[in-house]
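Participant: Okay, handing you the structure first.
In this note's numbering, the protein residues as written are 31 to 179.
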């Protein structure tokens, strides 16, 4: 029995060397990823590219933050192309990184500016991806058939 426990402990250590994140961090990152219309491969690619570009080790980054930042940037590009409104420069939307407690942030004034910018674009809402729609809902901006709430 002692050998089996030791083996299980070594397997856990070996697995952790490949994936240093906790279960809930992985679950949260993947729930966000899937909700935005992407898959686990996309999430892994986001983390890998982030590590490469920043020169950081895989074990030293927040996977939830990175995935959510990828979602924000996708939404940012689409919303700006649709309305001319940049959610990061014309407003101050951002991702607060804290592993499984990471969140999309913005103040009500920014949401009002965004709603106003999107109001004249209702005929193009169908062009927005699942990712952009997810980000909007997460930031309390709802697109109706001809209005923005």
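Quick reminder that beta carbons are idealized off the backbone N, C-alpha and C, glycines included.
1. Whether or not the segment 161-171 and the segment 73-87 are in contact is what I'm after, with contact meaning three or more pairs of Cβ atoms, one per stretch, closer than 8 Å; do they touch?
2. If you draw a straight line from the C-alpha of residue 152 to the C-alpha of residue 137, how long is it?
3. Just to confirm my understanding: we take residue 58, look at its own chain, exclude 5 residues before and 5 after, and list those with CB closer than 6 Å. What are they?
4. Can you confirm whether residue 116, when its beta carbon is compared against all beta carbons of chain D, has any partner nearer than 8 Å?
5. Helix, strand or coil, according to DSSP, for residue 133 in the structure here?
6. Pair every Cβ in the segment 84-91 with every Cβ in the segment 99-107, then say whether three or more of these pairs are closer than 8 Å.
7. Roughly how many angstroms separate the alpha carbons of residue 49 and residue 150, rounded to a whole number?
8. Just curious, the beta strand (DSSP E) that residue 124 is in, first and last residue?
9. Taking C-alpha atoms, which residue in 158, 179, 119 lies nearest to residue 109?
10. For residue 66 versus residue 160, is the C-beta distance shorter than 8 Å?
Facilitator: This is what the structure gives:
1. No, the segment 73-87 does not touch the segment 161-171.
2. Put simply, the backbone Cα of residue 152 is about 23 Å away from that of residue 137.
3. Listed in chain order, the non-local C-beta contacts of residue 58 below 6 Å within the same chain comprise 94, 130, local neighbours out to five positions each way being set aside.
4. Considering every chain present, this structure includes no chain D. It has just one protein chain.
5. DSSP places residue 133 in strand when its eight states are reduced to three.
6. Contact between the segment 84-91 and the segment 99-107 is absent, because fewer than three Cβ pairs lie under 8 Å.
7. Whole-angstrom Cα-Cα distance: 45 Å.
8. Segment 124-126, the beta strand (DSSP E) holding residue 124.
9. If we check each option's Cα against that of residue 109, 158 comes out closest.
10. Closer than 8 Å, so yes.
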